[in-house]
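Comments concern the structure below.
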DNA sequence: TAGTTAAGATTGATTGATCAATCATTTGTG
DNA sequence: CACAAATGATTGATCAATCAATCTTAACTA
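Residue numbers (the working numbering), protein chains in the order written: chain A, 42 to 240; chain B, 42 to 240.
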């Protein structure tokens, strides 16, 4: 009657496959634009099986967006607001973020869909917004520290953080057909300007 | 047999009403998420009439996105790369753009949908991309002029223009539930930093 | 060990709803 | 009357979700 360890692992793998296929297709074709049938095919699973793993299409969408988000939590934690050399810490952060935003085209497309459709996916939007707020908070702390240490010009740190995170999302949209990561790298010093470094 | 002047005007008005309703609904619910029936209702027109004005739903979408774009052409033309006082010209431009981007939530949502779905709407995407390129070009010329005059620090002008237009789009996404225009206004000096003004 | 049972996962045909597009009919106008 | 615009019922396609039937396997039995 109970499932064996192997069966449980198989089911977990299946669930992951469905999520991956869903994320890819939702990112490419949008929520209404991707039939569950297609997700099932891409995941190598029968149509019916999708509904044994997820109550309905909406739940699947929510999970496909929010579960990968956990992977990105370390992006927030890696920022050290207590860093001695604030400018170096900022440059490391920007460089890392740029590289990730450049490479996560698919997932960020998905995020964009939720943002532009936030009335339709309020719960999903809320989780994204909370993540964004945590990131913004950390950046803000680092900016405050830099201003106190005198290595950054005085500006409203909240606004600086807002402009920074906005710029990351905006670059993802503007360079949407620009997979060339080197183009992105070249923008790092320009992004740094936002923080008002004293030269 | 020929239509009277009044009839022609009525038809043109009807066409405009359909386009306005379509833009609003497409922006809110996306392409697949808005039935033609709903557009017809919102425009105060019968279902069948939509198809006497537009061949099909795709054509209607394309027109709803690209026709309002003509209104924005003056945003590009208003930038004067020959301006004496480059810093003042830049600040005027940024202020104007911020105000417009803050107020055009609906239309820019629509634009974002095309960008994230550019494989599905290649022709529409192309027109948006061309507009973006014209804007970027003008900004670049102004930056070059500012650097030659010595009022801006030397940076790659192309990159500066890219970062600027990216930031505008990104702010629209980040502040998606922030209709408060005053929040946007406060970001003007931060955006100016991108251009590297000498103080 | 082989055979039996039952719990639970898997499947895809079916159902009912929704949609874009068509088209025969009606309405309005010169 | 003649022509063109306007209408909405109809058509055929597509979709999410359900569900009865099938398969898989752990647990039990002799």
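Glycine residues also receive a C-beta, built at the ideal position from the N, C-alpha and C atoms.
Remember, it's a predicted structure, so these values are computed and weren't measured experimentally.
Reducing DSSP to helix, strand and coil, say where residue i ends up.
{"i": "residue 238 of chain A", "result": "strand"}
{"i": "residue 161 of chain B", "result": "coil"}
{"i": "residue 72 of chain A", "result": "coil"}
{"i": "residue 87 of chain B", "result": "coil"}
{"i": "residue 217 of chain B", "result": "coil"}
{"i": "residue 145 of chain B", "result": "coil"}
{"i": "residue 175 of chain A", "result": "helix"}
{"i": "residue 169 of chain B", "result": "helix"}
{"i": "residue 200 of chain A", "result": "helix"}
{"i": "residue 132 of chain A", "result": "helix"}
{"i": "residue 150 of chain B", "result": "helix"}
{"i": "residue 104 of chain B", "result": "helix"}
{"i": "residue 92 of chain A", "result": "helix"}
Whole angstroms are fine: how far does the CA of residue j sit from the CA of residue i?
{"i": "residue 65 of chain A", "j": "residue 147 of chain A", "result": "7 Å"}
{"i": "residue 73 of chain A", "j": "residue 73 of chain B", "result": "6 Å"}
{"i": "residue 198 of chain B", "j": "residue 181 of chain B", "result": "5 Å"}
{"i": "residue 103 of chain B", "j": "residue 164 of chain B", "result": "8 Å"}
{"i": "residue 93 of chain B", "j": "residue 46 of chain B", "result": "19 Å"}
{"i": "residue 48 of chain A", "j": "residue 56 of chain A", "result": "12 Å"}
{"i": "residue 141 of chain B", "j": "residue 191 of chain A", "result": "35 Å"}
{"i": "residue 175 of chain A", "j": "residue 207 of chain A", "result": "14 Å"}
{"i": "residue 226 of chain A", "j": "residue 234 of chain B", "result": "19 Å"}
{"i": "residue 232 of chain A", "j": "residue 111 of chain A", "result": "25 Å"}
{"i": "residue 195 of chain B", "j": "residue 237 of chain B", "result": "8 Å"}
{"i": "residue 200 of chain B", "j": "residue 63 of chain B", "result": "35 Å"}
{"i": "residue 53 of chain B", "j": "residue 84 of chain B", "result": "13 Å"}
{"i": "residue 155 of chain A", "j": "residue 155 of chain B", "result": "14 Å"}
{"i": "residue 122 of chain B", "j": "residue 177 of chain A", "result": "35 Å"}
{"i": "residue 91 of chain B", "j": "residue 58 of chain B", "result": "10 Å"}
{"i": "residue 114 of chain A", "j": "residue 179 of chain A", "result": "12 Å"}
{"i": "residue 51 of chain B", "j": "residue 69 of chain A", "result": "40 Å"}
{"i": "residue 157 of chain B", "j": "residue 106 of chain B", "result": "14 Å"}
{"i": "residue 125 of chain B", "j": "residue 120 of chain A", "result": "43 Å"}
Please confirm if residue i has its CB atom under 8 Å from at least one CB of chain B.
{"i": "residue 66 of chain A", "result": "no"}
{"i": "residue 165 of chain A", "result": "no"}
{"i": "residue 212 of chain A", "result": "yes"}
{"i": "residue 218 of chain A", "result": "yes"}
{"i": "residue 53 of chain A", "result": "no"}
{"i": "residue 154 of chain A", "result": "yes"}
{"i": "residue 188 of chain A", "result": "no"}
{"i": "residue 146 of chain A", "result": "no"}
{"i": "residue 50 of chain A", "result": "no"}
{"i": "residue 196 of chain A", "result": "yes"}
{"i": "residue 159 of chain A", "result": "yes"}
According to DSSP, which residues form a beta bridge with residue i?
{"i": "residue 193 of chain B", "result": "B:238"}
Under a CB-based cut-off of 8 Å, is residue i close to chain A?
{"i": "residue 222 of chain B", "result": "no"}
{"i": "residue 228 of chain B", "result": "yes"}
{"i": "residue 139 of chain B", "result": "no"}
{"i": "residue 107 of chain B", "result": "no"}
{"i": "residue 200 of chain B", "result": "yes"}
{"i": "residue 235 of chain B", "result": "yes"}
{"i": "residue 215 of chain B", "result": "yes"}
{"i": "residue 74 of chain B", "result": "yes"}
{"i": "residue 207 of chain B", "result": "yes"}
{"i": "residue 71 of chain B", "result": "yes"}
{"i": "residue 135 of chain B", "result": "no"}
Rounded to the nearest angstrom, how far is the Cβ of residue i from that of residue j, given a contact under 8 Å?
{"i": "residue 159 of chain A", "j": "residue 218 of chain B", "result": "7 Å"}
{"i": "residue 60 of chain B", "j": "residue 108 of chain B", "result": "6 Å"}
{"i": "residue 78 of chain A", "j": "residue 88 of chain A", "result": "6 Å"}
{"i": "residue 228 of chain B", "j": "residue 212 of chain B", "result": "7 Å"}
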